[in-house]
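Participant: Position 304 of the sequence shown, counted from 1, bears residue number 311 in this note's numbering, the numbering being contiguous throughout. What follows is a single structure, and I will ask about it in a moment.
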Amino acid sequence: MLMHQPQTASLLTRFRAVRSATMHFIAPLSPEDLMVQSCPEASPVKWHLAHTSWFFETFVLSEFIAAYKPFNPDFRWLFNSYYKALGEMPEKKLRASFSRPSLDQILAYREYVDQGIARLLDQTPEDEALRRIVLGIQHEQQHLELAATDIKHAFFTNPLQPAYTGTPEAHGRTVIAPPMSWLSYAPGFPGRPGVVDVGVTPDPAAIESFAFDNETPRHPVYLSPFRLASRLTTCAEFLAFMDEDGYNRPELWLSEGWDTAQREGWQAPLYWRRDSTARAGWRVFTLHGWQALEDLSESPVCHLSFFEADAFARWNGNRLPTEFEWEFVAAQVPAHGNLLESATLHPQAATSIPTDAAQPQQIFGDVWEWTSSPYTGYPGYKALPGALGEYNGKFMSSQMILRGGSCVTPESHIRATYRNFFHPATRWQFSGLRLARDGA
Ligand SMILES: [Fe+2]
8 MLMHQPQTAS
18 LLTRFRAVRS
28 ATMHFIAPLS
38 PEDLMVQSCP
48 EASPVKWHLA
58 HTSWFFETFV
68 LSEFIAAYKP
78 FNPDFRWLFN
88 SYYKALGEMP
98 EKKLRASFSR
108 PSLDQILAYR
118 EYVDQGIARL
128 LDQTPEDEAL
138 RRIVLGIQHE
148 QQHLELAATD
158 IKHAFFTNPL
168 QPAYTGTPEA
178 HGRTVIAPPM
188 SWLSYAPGFP
198 GRPGVVDVGV
208 TPDPAAIESF
218 AFDNETPRHP
228 VYLSPFRLAS
238 RLTTCAEFLA
248 FMDEDGYNRP
258 ELWLSEGWDT
268 AQREGWQAPL
278 YWRRDSTARA
288 GWRVFTLHGW
298 QALEDLSESP
308 VCHLSFFEAD
318 AFARWNGNRL
328 PTEFEWEFVA
338 AQVPAHGNLL
348 ESATLHPQAA
358 TSIPTDAAQP
368 QQIFGDVWEW
378 TSSPYTGYPG
388 YKALPGALGE
398 YNGKFMSSQM
408 ILRGGSCVTP
418 ESHIRATYRN
428 FFHPATRWQF
438 SGLRLARDGA
């Protein structure tokens, strides 16, 4: 079924909005800032600018515009991230050495690709081209979030430890998060207790309604009655775990987590530093620069690995939710929250007056919530055909699922079925936790 003209026009509007959001985000950054790659997981922001354009050029323009002339043939291998079916690519750690091509050339590349997409959409392309553009939009949003977390790490690593932007508003300061309460769930229907459907079966005709292949297909799962915390775990609550020597008690930790924490010398979340002048004894680096922990104590704790989130839950006498418990609850909650568009750039304290006491707070936005679920394919999962099959499927080992988006996730990118995944030792994303327990 071909898309009609108004739909291609609205797709072009969405494409342009997402491309502009990236450029808006980099506005406070200097060309030198854009070059920094401060940890193995991160990439220079300049590379993100090029790679997202590469994605559109490789998977859309080169395939759907007859006799397409690439901006620069070398860019096809230079800005490939991990798609081995397309050939060789530079080692990831070399991305910081890309002083050439210049930033001006990268910006011209973006412009060239933008014009190509506009031209293609003007020609009423086939449905598959439109699906690829939608995928490219989602891909660009993922890289915008990565640019935010990568520049945060870059600035933290810089001896001057500059702020990305302005001074923080006193969000955490005057707000006291409400006490955490338990919300009870007994999933299922009469005749089918405990059985719920999760995931997505895409409608091939609804091109603009998007889900990644790893969210498919929709399928039943069994959930025992469970309880979920009404809000995220706060910095103050995590400090209590630290004060009870949580980082140094092996009985609280998974074996691999203990070994990692010992090897890395973890005694606090990433971006926390001891500070004897701060009342709470710590300060925290944010995209707004340093803040005293006491000003953030009611805000959700973030930059935790899965191992720290899991150890905290065990110390607390509870556990992390499974990804399907989380999804079952999130499917009943509107997908709004403290996301990128709110421009806070940091998780915010839960409000003391919930709009609906029966619904959990902070489900979407603030921090990605570690779950106890490993990242695997759903029953009947099929990766996309061709090189795009490498997008998600090949990472289905040794990674854990996170749900819900963060304060730097674009709002139009997140949904209840969305599955983020990282290695359990990962800390540089805005990752935190929400507690769960057995029994309604
Ligand atoms: Fe990518």
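Note that beta-carbon positions come from the ideal geometry of N, C-alpha and C, so glycine has one too. Only a predicted model underlies this, so the values are computations on that prediction, with no experimental measurement involved.
#1: Rounded to whole angstroms, how far is the Cβ of Trp-322 from the Cβ of Leu-259, which I believe are closer than 8 Å?
#2: For Tyr-89, count neighbouring C-beta atoms within 10 Å of its own C-beta (all shown protein chains included) and say buried if the count is 16 or more, exposed if not.
#3: Taking C-alpha atoms, which residue in Pro-51, Pro-35, Leu-235 and Pro-232 lies nearest to Phe-86?
#4: Given the structure, does Ser-88 come close to ligand 1, in the sense that its CB is under 7 Å from one of the ligand's heavy atoms?
#5: Starting from the N-terminal side, write out each stretch of the beta strand (DSSP E) that is 3 residues or longer and does not extend beyond the stretch 291-340.
#6: How about His-58: is its Cβ closer than 7 Å to a heavy atom in ligand 1?
#7: Contact defined as beta carbons within less than 8 Å: I believe Asp-317 pairs with Leu-327. What is the distance between those atoms, to the nearest angstrom?
#8: Compute every distance between the C-beta of His-150 and the non-hydrogen atoms of ligand 1, then say whether any falls below 7 Å.
#9: Count the other CB atoms within 10 Å of the CB of Met-30; is the residue buried (16 or more) or exposed (fewer)?
#10: What does a CB cutoff of less than 7 Å around Arg-21 pick up in its chain, not counting 5 residues either side in sequence?
#11: Three or more C-beta pairs closer than 8 Å, one from the stretch 93-110 and one from the stretch 44-60: is that the case here?
#12: Ignore the nearest five residues each way along the sequence and tell me which others in Thr-358's own chain have a CB closer than 6 Å to its CB.
#13: So, using beta-carbon positions, are Gly-206 and Pro-224 closer together than 8 Å?
#14: Runs of 4 residues minimum, wholly inside the stretch 103-147: which ones carry the alpha helix (DSSP H) assignment?
#15: Measuring only the C-alpha atoms, how far is Ser-312 from Thr-156?
#16: Would you mind stating whether Phe-71 and Leu-127 have Cβ atoms separated by less than 8 Å?
#17: Hey, could you find the ends of the alpha helix (DSSP H) Ser-262 is sitting in?
#18: Rounded to whole angstroms, what is the Cα-Cα separation between His-160 and Glu-301?
#19: Anyone know if the C-beta pair for Phe-371 and Leu-346 falls short of 8 Å?
#20: Among the residues of its own chain, which have a CB less than 6 Å from the CB of Gly-179, if the five just before and after it don't count?
#21: Should the stretch 402-409 be regarded as contacting the stretch 371-387, the criterion being three or more beta carbon pairs within less than 8 Å?
#22: Could you spell out the range, first to last residue, of the beta strand (DSSP E) harbouring Asp-445?
Facilitator: Let me lay it out:
#1: 5 Å
#2: exposed
#3: Pro-51
#4: yes
#5: 296-299
#6: yes
#7: 6 Å
#8: yes
#9: exposed
#10: Ile-144
#11: yes
#12: none
#13: yes
#14: 110-129
#15: 14 Å
#16: yes
#17: 262-271
#18: 22 Å
#19: yes
#20: Legend: pLDDT at Gly-179 = 46, less than 50; position of this residue unreliable, value from coordinates given subsequently. Result list for Gly-179: Asp-302, Leu-303, Glu-305, Ser-306 and Ala-356, in chain order.
#21: yes
#22: 443-445
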